[in-house]
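Chemist: Under this note's numbering, the first residue of the sequence shown carries the number 153, and numbering increases by one thereafter.
Every residue, glycine too, gets a C-beta built ideally from N, C-alpha and C.
Before anything else, here's the structure in question.
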Amino acid sequence: MECSKCPPHSFSHHEGSLHCGCEKNYFRAEGDPASMACTRPPSAPRNVISSINETSVILDWSWPEDAGGRRDITFTVLCKRCRGVAANGSNSGTQRCEPCRSNVRFLPRAAGLHNTTVTVGDLLAHTNYTFEIEALNGVSSFAPKMRQYAAVTITTNQAAPSPVTVIRKEKTSRNSVSLSWQEPERPNGIILDYEIKYYEKEEQETSYTILRARGCNVTLNGLKSNTAYLLQIRARTAAGYGASSPSFQFETSPDSAFSISSESSQVVLIAISSAVAIILLTVLLYILIGRFCCRSKSKHPDEKRLHFGNGHLRLPGIRTYVDPHTYEDPSQAVHEFAKELDASCIAIDKVVGAGEFGEVCSGRLKLPSKKEICVAIKTLKGGYTDKQRRDFLAEASIMGQFDHPNIIRLEGVVTRSKPVMIVTEYMENGSLDSFLRKHDAQFTGIQLVGMLRGIASGMKYLSDMGYVHRDLAARNILVNSNLVCKVSDFGLSRVLEDDPEAAYTTRGGKIPIRWTAPEAIAYRKFTSASDAWSYGIVLWEVMSYGERPYWEMSNQDVIKAVDEGYRLPPPMDCPATLYQLMLDCWQKERNNRPKFEQIVSILDKLIRNPGSLKITANTTSRPANLLLDRSSSEVPSMGTMGDWMDGMRTLPCKEAFSGVSYSSCDTLAKTSTEVVLTEVHVTPATCPEWEPSMGITTL
Ligand code: AMP
Numbered sequence: 153m154e155c156s157k158c159p160p161h162s163f164s165h166h167e168g169s170l171h172c173g174c175e176k177n178y179f180r181a182e183g184d185p186a187s188m189a190c191t192r193p194p195s196a197p198r199n200v201i202s203s204i205n206e207t208s209v210i211l212d213w214s215w216p217e218d219a220g221g222r223r224d225i226t227f228t229v230l231c232k233r234c235r236g237v238a239a240n241g242s243n244s245g246t247q248r249c250e251p252c253r254s255n256v257r258f259l260p261r262a263a264g265l266h267n268t269t270v271t272v273g274d275l276l277a278h279t280n281y282t283f284e285i286e287a288l289n290g291v292s293s294f295a296p297k298m299r300q301y302a303a304v305t306i307t308t309n310q311a312a313p314s315p316v317t318v319i320r321k322e323k324t325s326r327n328s329v330s331l332s333w334q335e336p337e338r339p340n341g342i343i344l345d346y347e348i349k350y351y352e353k354e355e356q357e358t359s360y361t362i363l364r365a366r367g368c369n370v371t372l373n374g375l376k377s378n379t380a381y382l383l384q385i386r387a388r389t390a391a392g393y394g395a396s397s398p399s400f401q402f403e404t405s406p407d408s409a410f411s412i413s414s415e416s417s418q419v420v421l422i423a424i425s426s427a428v429a430i431i432l433l434t435v436l437l438y439i440l441i442g443r444f445c446c447r448s449k450s451k452h453p454d455e456k457r458l459h460f461g462n463g464h465l466r467l468p469g470i471r472t473y474v475d476p477h478t479y480e481d482p483s484q485a486v487h488e489f490a491k492e493l494d495a496s497c498i499a500i501d502k503v504v505g506a507g508e509f510g511e512v513c514s515g516r517l518k519l520p521s522k523k524e525i526c527v528a529i530k531t532l533k534g535g536y537t538d539k540q541r542r543d544f545l546a547e548a549s550i551m552g553q554f555d556h557p558n559i560i561r562l563e564g565v566v567t568r569s570k571p572v573m574i575v576t577e578y579m580e581n582g583s584l585d586s587f588l589r590k591h592d593a594q595f596t597g598i599q600l601v602g603m604l605r606g607i608a609s610g611m612k613y614l615s616d617m618g619y620v621h622r623d624l625a626a627r628n629i630l631v632n633s634n635l636v637c638k639v640s641d642f643g644l645s646r647v648l649e650d651d652p653e654a655a656y657t658t659r660g661g662k663i664p665i666r667w668t669a670p671e672a673i674a675y676r677k678f679t680s681a682s683d684a685w686s687y688g689i690v691l692w693e694v695m696s697y698g699e700r701p702y703w704e705m706s707n708q709d710v711i712k713a714v715d716e717g718y719r720l721p722p723p724m725d726c727p728a729t730l731y732q733l734m735l736d737c738w739q740k741e742r743n744n745r746p747k748f749e750q751i752v753s754i755l756d757k758l759i760r761n762p763g764s765l766k767i768t769a770n771t772t773s774r775p776a777n778l779l780l781d782r783s784s785s786e787v788p789s790m791g792t793m794g795d796w797m798d799g800m801r802t803l804p805c806k807e808a809f810s811g812v813s814y815s816s817c818d819t820l821a822k823t824s825t826e827v828v829l830t831e832v833h834v835t836p837a838t839c840p841e842w843e844p845s846m847g848i849t850t851l
C-alpha cells in the first residue's frame with residue numbers, strides 16, 4: 153500500500169495509520185472520502201442588501217469569505233418580527249423579536265438556497281423585521297457553535313388595506329337594504345372611503361352599481377324586490393384600494409301578495425310611467441343641485457354613485473394633492489385630511505425644537521384600543537391671529553394628504569381645545585443637517601445612499617401627487633432611529649416665511665437662494681424640476697456631512713456664479729456617480745434634470761452595485777476658487793441620454809442602451825464598466841462604439 157501525507161487539516165499520531173483524524177474545529181461529512189481534506193462550517197454571508205417594495209423585500213448578499221473548504225454551500229434565511237427601537241438600523245438589545253408568522257412567503261424558499269438572493273413577501277406594513285442569513289455546508293451540523301449569520305433589519309412600507317371581512321345586514325325592504333361592516337383588520341393607513349359594488353346575482357356582474365361611502369354603513373336604494381344580490385366592499389387608503397371582501401349575498405323582500413287584474417293593468421302602467429317621470433325629474437334636479445353644491449363647497453363629496461352598464465369600471469383612482477387654500481373654509485380642509493385628536497390622549501414630555509408658530513415637543517399619543525406611540529407635537533402659541541391659525545393648520549391639511557414611508561406622517565390635530573396642536577410621528581434623530589454634522593464621516597457610502605434613496609422616494613411620491621415642495625433642504629428632512637429619512641416642512645408661502653435661509657429676492661418673494669433653481673429665483677417657476685435642483689443640493693449636503701452649500705459666499709454671488717455656469721465641486725471622497733447625479737440635477741435647462749423616479753432608480757442601482765461607489769470624483773473638499781466651471785470641469789456636460797444615443801452609429805447599439813435609466817450620458821460615462829455591461833448587455837459585437845477604455849466622449 154502506498155503511503156501519503158494526511159490531507160489538509162487532518163493528522164495522525166502513528167506512522168502507517170489507515171485513518172487521519174480531523175484537527176479541532178474541522179470535520180468530515182458523511183460520504184467525504186478519507187483522502188479529502190477536513191473542512192469546517194463557512195463564515196457568514198457578506199454585504200446583505202435589502203430592497204423594500206411595500207410589504208415585500210428582496211434580500212441580496214455575497215458569498216461568505218471562507219467557504220470552509222467545501223463547495224456544498226447553501227443559505228438559510230430566518231425571519232423575525234421585531235418591536236422596539238433598533239439603534240442605527242442594527243438589531244440591538246432594546247428590540248424584542250419573535251419568529252415571523254407562518255404565512256410570510258419566501259421565494260424560491262427559506263432554506264437550502266443555492267443562490268444569494270431571496271424574495272420575502274406578505275409581510276405586515278410599517279413593521280420592523282430582522283432577517284438572519286446563514287451559510288451552511290456539509291459539516292455545519294457538526295459545529296452549531298461555530299455557525300455565523302449576517303443580519304439585516306428593515307421596516308416595511310405602506311400597503312393597501314386588508315379586505316373587509318365582516319358585513320352585516322341591518323334592514324331589508326322590498327327595494328332597499330341597509331348594511332354595515334367592520335373596518336379591515338389591517339387598514340395600513342387612514343381609510344379614505346369604501347367602494348361598494350353590487351349586482352343582481354343572476355346577471356353575474358354584467359351590470360353592476362358602484363357606491364362610495366365614507367363610513368362603515370350604507371343603504372342601497374332602488375333595488376328590485378324579491379331579488380338576490382351579491383355585494384363586495386373594498387377599502388381605500390392613500391396606498392390605493394385593498395382587496396375586495398368575499399361576496400356577500402342578500403335578498404330584497406317580496407312584493408305584497410296582490411295580483412294586478414287585466415282591467416287595472418292600464419291604470420297601473422300609467423301610474424308607473426308617471427312615477428318614473430317624476431323620479432327622473434327629481435334625479436335630474438338632484439344632479440343639477442348636486443353639481444352646483446359640489447362646485448361651491450367641496451371637491452370630496454361623501455358619497456358618489458356611479459353606474460356601469462357594461463361592467464367597465466372608470467373610477468378616478470389617481471390621487472392628486474388638493475391645495476387647502478382652494479377651500480372656502482380652511483377648517484373644512486383640516487378636518488377633511490386630518491384626524492381630530494382628543495387632547496387627553498396626548499402627553500407632552502419635553503421641548504425638542506422651535507417652530508415658527510410655537511414650540512415643538514416630544515410626547516406620547518395613546519388612542520383608545522391602539523398602542524401608545526412616540527409623537528412630535530407642534531403647538532400654536534397663544535395670542536395668534538385667525539390667519540396664523542389657518543397657516544399653522546395648513547401644514548396639517550397638506551401633510552394629512554400624504555401616506556408614504558419617506559414623508560413625515562400626520563397622526564392628527566387638536567383644534568377643538570387649546571393649545572391648537574399638530575401631532576406627527578416622532579423622528580428620534582431630528583433634522584438631517586444637524587444629524588450629519590454630529591456624525592461627521594461616520595457612515596458608509598451605502599448608508600448615505602440609503603438615506604438619499606429615501607428622500608428621493610418621498611419626493612417622487614410628492615411629485616406624483618402634483619405637490620411642489622419649494623423648500624427641499626437637509627434642514628427640512630427628519631431622521632428616525634433607523635436612519636430612515638422623511639421629507640417634512642409642508643406649507644405654501646408659509647414654508648418660506650418660516651425658513652431662516654429664505655431671503656427676499658428683487659421680485660419681492662422670499663426664497664432659500666442656495667437651494668433653489670435659477671428659474672425659480674428669477675421668475676418663481678417652482679416645479680418638480682426645481683425640486684430636483686434642490687435635491688441635488690441636498691445630495692451635496694449629505695455627501696459633505698452637512699456642510700453649508702457655497703460656504704460663506706453671499707446670496708448675490710451664488711446667484712451670479714450659478715448663472716455663469718459654475719457649480720459646487722464634489723464633496724471629499726464623493727463617488728463619481730453621485731457627483732454626476734448632482735450635476736444632472738443642476739442642469740440649467742430644467743427639462744434635462746432627472747425626474748425623481750429616475751433618481752430613485754439610479755440610487756437603487758448603486759445600492760445593488762456597491763462597488764460602483766468606490767470610484768470617487770477627484771476634488772478636494774474645498775477648491776481654491778470655491779466653485780467648478782462646468783465647461784472646464786473633469787466631468788464634461790454631454791447633454792441628455794437621448795442626444796448621446798442619437799449620435800450612435802449602429803442600431804443594435806442604440807437598442808442595447810435603450811430602457812436603461814441613467815439620467816444622462818455623463819452618468820453613463822462615469823459608470824463603471826462592469827455596471828454598464830451587466831445592466832445593458834453590450835458586447836463589442838452588438839455595440840462597436842462602446843469601448844470602456846476610450847470613454848464615451850470619443851463617440
Ligand atoms: P419645524 O417647525 O418643522 O421646522 O420644526 C422645528 C424643529 O423641531 C426641527 O428642526 C426638529 O428639530 C424638531 N422637529 C420637528 N418635527 C419633528 C419630529 N416629527 N420629530 C422630531 N423632531 C421634530
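If you draw a straight line from the alpha carbon of residue 709 to that of residue 766, how long is it in whole angstroms?
Modeler: Here residue 709 corresponds to residue number 557 of the sequence shown, with the count starting at 1. Here residue 766 corresponds to residue number 614 of the sequence shown, with the count starting at 1. Rounded to the nearest angstrom, the two C-alpha atoms are 33 Å apart.
Chemist: Are there any heavy atoms of the ligand AMP lying less than 7 Å away from the beta-carbon of residue 583, as far as the coordinates show?
Modeler: As a position in the sequence shown, residue 583 is number 431, starting the count at 1. Yes, Cβ of residue 583 sits closer than 7 Å to a heavy atom of the ligand AMP.
Chemist: Mind the definition here: the stretch 299-316 touches the stretch 190-201 only if three or more C-beta pairs lie below 8 Å; say whether that holds.
Modeler: Yes: at least three Cβ pairs fall under 8 Å.
Chemist: Once you ignore the five residues that flank residue 578 on each side, which residues in its own chain have a CB closer than 7 Å to its CB?
Modeler: If you number the sequence shown from 1, residue 578 lands on position 426. Closer than 7 Å at the Cβ level, and outside the excluded window around residue 578, lie 514, 526, 527 and 528.
Chemist: Are the stretch 287-294 and the stretch 214-221 in contact at 8 Å, needing three or more beta carbon pairs?
Modeler: Taking 8 Å as the limit for Cβ pairs, the verdict is that the stretch 214-221 does touch the stretch 287-294.
Chemist: Count Cβ pairs between the stretch 573-588 and the stretch 717-734 that sit closer than 8 Å; are there 3 or more?
Modeler: No, they do not touch.
Chemist: Less than 8 Å separating the beta-carbons of residue 598 and residue 759?
Modeler: Sequence index remark: in the sequence shown, residue 598 carries index 446 (1-based). Sequence index remark: in the sequence shown, residue 759 carries index 607 (1-based). Yes, the pair counts as a contact, with Cβ atoms nearer than the cut-off.
Chemist: Tell me, to the nearest whole angstrom, how far the beta carbon of residue 653 is from that of residue 664; I am working on the premise that it is less than 8 Å.
Modeler: Translated into the one-based positions of the sequence shown, residue 653 becomes position 501. Translated into the one-based positions of the sequence shown, residue 664 becomes position 512. That pair is a contact at about 4 Å.
Chemist: Taking the alpha carbon of residue 551 as the point to measure from, which residue in 568, 533 and 564 has its own alpha carbon closest?
Modeler: On the sequence shown, residue 551 is found 399 positions in, with the first residue counted as 1. Checked all of 568, 533 and 564; the closest Cα to residue 551 is 564.
Chemist: Are the Cβ atoms of residue 308 and residue 276 separated by less than 8 Å?
Modeler: The sequence position of residue 308 within the sequence shown is 156, counting from 1. The sequence position of residue 276 within the sequence shown is 124, counting from 1. In contact: residue 308 and residue 276 (Cβ atoms closer than 8 Å).
Chemist: Indicate whether the contact test is met: 3 or more Cβ pairs, each with one atom in the stretch 683-698 and one in the stretch 722-737, closer than 8 Å.
Modeler: With the cut-off at 8 Å, the stretch 683-698 and the stretch 722-737 touch.
Chemist: Under the DSSP definition of a beta bridge, which residues are partnered with residue 399?
Modeler: Within the sequence shown, the letter at position 247 stands for residue 399. Answer by DSSP bridge pairing: none, since residue 399 is not bridged.
Chemist: Pick out whichever of 512, 496 and 508 has its Cα sitting closest to the Cα of residue 518.
Modeler: In the sequence shown, residue 518 corresponds to position 366, counting from 1. The shortest C-alpha separation from residue 518 is found at 496.
Chemist: Excluding sequence positions up to five away, which residues of its chain have a Cβ less than 8 Å from the Cβ of residue 337?
Modeler: The residue you call residue 337 lines up with position 185 of the sequence shown. Taken in chain order, the residues that qualify are 314 and 317.
Chemist: Just to confirm, are residue 351 and residue 372 a CB contact at a threshold of 8 Å?
Modeler: One-based indexing of the sequence shown puts residue 351 at position 199. One-based indexing of the sequence shown puts residue 372 at position 220. Result no, Cβ atoms of residue 351 and residue 372 do not sit closer than 8 Å.
Chemist: Within the continuous beta strand (DSSP E) that includes residue 539, where are the two ends?
Modeler: Here residue 539 corresponds to residue number 387 of the sequence shown, with the count starting at 1. It is not in any beta strand (DSSP E) - residue 539 instead sits in the alpha helix (DSSP H) that spans 538-551.
Chemist: Quick check on residue 213: does DSSP put it in helix, strand or coil?
Modeler: Position 61 of the sequence shown holds residue 213. Three-state DSSP puts residue 213 in a strand.
Chemist: Would you mind working out which of 618, 677, 378 and 669 sits nearest residue 690, comparing C-alpha positions?
Modeler: Your numbering for residue 690 matches position 538 in the sequence shown. Nearest C-alpha to residue 690: 669.
Chemist: Could you check whether the Cβ of residue 545 sits closer than 7 Å to any heavy atom belonging to the ligand AMP?
Modeler: For the purposes of this step, residue 545 is taken as the residue at position 393 of the sequence shown. For the ligand AMP, not one heavy atom lies less than 7 Å from the Cβ of residue 545.
Chemist: Quick one: what's got a C-beta closer than 7 Å to residue 505's C-beta in the same chain, skipping five residues either side?
Modeler: Taking the sequence shown and counting its residues from 1, one reaches residue 505 at position 353. 512, listed in sequence order.
Chemist: Across the stretch 678-690 and the stretch 608-628, are there enough close Cβ pairs to call them in contact, namely three or more that are closer than 8 Å?
Modeler: Judged by Cβ distances under 8 Å, the stretch 678-690 makes contact with the stretch 608-628, as three or more pairs qualify.
Chemist: Does the stretch 593-609 come into contact with the stretch 246-256, if we say contact requires no fewer than three beta-carbon pairs (one atom in each stretch) closer than 8 Å?
Modeler: With a cut-off of 8 Å, the stretch 246-256 and the stretch 593-609 do not count as touching, because too few Cβ pairs lie within range.
Chemist: Alpha carbon to alpha carbon, how far is residue 520 from residue 234? Give it in angstroms, no decimals.
Modeler: Against the sequence shown, residue 234 aligns to sequence position 82. Against the sequence shown, residue 520 aligns to sequence position 368. Rounded to the nearest angstrom, the two C-alpha atoms are 23 Å apart.
Chemist: So, for residue 265: in the same chain, excluding its five sequence neighbours on each side, which residues have a beta-carbon less than 8 Å away from its beta-carbon?
Modeler: The sequence position of residue 265 within the sequence shown is 113, counting from 1. For residue 265, where only same-chain residues beyond five positions count, the Cβ hits under 8 Å are 226, 227, 228 and 229.
Chemist: Between the beta-carbon of residue 200 and the beta-carbon of residue 304, is there less than 8 Å?
Modeler: Counted from its first residue, the sequence shown places residue 200 at position 48. Counted from its first residue, the sequence shown places residue 304 at position 152. Yes, the Cβ-Cβ distance between residue 200 and residue 304 is below 8 Å.
Chemist: Just to check, is the beta-carbon of residue 577 closer than 7 Å to a non-hydrogen atom of the ligand AMP?
Modeler: As a working mapping, residue 577 is identified with position 425 in the sequence shown. Flag set: Cβ of residue 577 near the ligand AMP.
Chemist: Please report the residue range of the beta strand (DSSP E) in which residue 381 lies.
Modeler: The residue you call residue 381 lines up with position 229 of the sequence shown. Residues 380-389.
Chemist: With 16 other CB atoms within 10 Å as the buried threshold, where does residue 114 fall?
Modeler: With the chain running from 153 to 851 in the structure shown, residue 114 is simply not present.
Chemist: Considering only the alpha carbon of each residue, which of 431, 207 and 332 lies closest to residue 278?
Modeler: Start at 1 with the first residue of the sequence shown, and residue 278 comes out as number 126. Residue 278 has its Cα closest to that of 207, out of 431, 207 and 332.
Chemist: Should residue 532 be listed as close to the ligand AMP, given that the test is whether its C-beta is under 7 Å from any heavy atom?
Modeler: Taking the sequence shown and counting its residues from 1, the one referred to as residue 532 is at position 380. It does not: the Cβ of residue 532 is nowhere closer than 7 Å to a heavy atom of the ligand AMP.
Chemist: Would you call the CB atoms of residue 197 and residue 216 closer than 8 Å?
Modeler: One-based indexing of the sequence shown puts residue 197 at position 45. One-based indexing of the sequence shown puts residue 216 at position 64. Yes, they are a contact pair.
Chemist: Report the residue from 633, 348 and 547 whose alpha carbon sits nearest the alpha carbon of residue 643.
Modeler: Here residue 643 refers to the residue found at position 491 of the sequence shown. When each option's Cα is compared against that of residue 643, the closest is 547.
Chemist: Considering only heavy atoms of the ligand AMP, does any lie closer than 7 Å to the CB of residue 286?
Modeler: The residue labelled residue 286 in the question sits at position 134 within the sequence shown. False, no ligand heavy atom lies under 7 Å from that Cβ.
Chemist: Buried or exposed, going by whether 16 or more other CB atoms sit within 10 Å of the CB of residue 231?
Modeler: Reading the sequence shown from its first residue, position 79 is the one you call residue 231. Flag for residue 231 reads buried.
Chemist: How is the alpha helix (DSSP H) around residue 121 delimited, first residue to last?
Modeler: Since the first and last residues shown for the chain are 153 and 851, residue 121 lies out of range.
Chemist: Would you kindly work out how many angstroms separate the C-alpha atoms of residue 274 and residue 406, rounded to a whole number?
Modeler: On the sequence shown, position 122 is the one that residue 274 refers to. On the sequence shown, position 254 is the one that residue 406 refers to. Approximately 45 Å between the Cα atoms of the pair.
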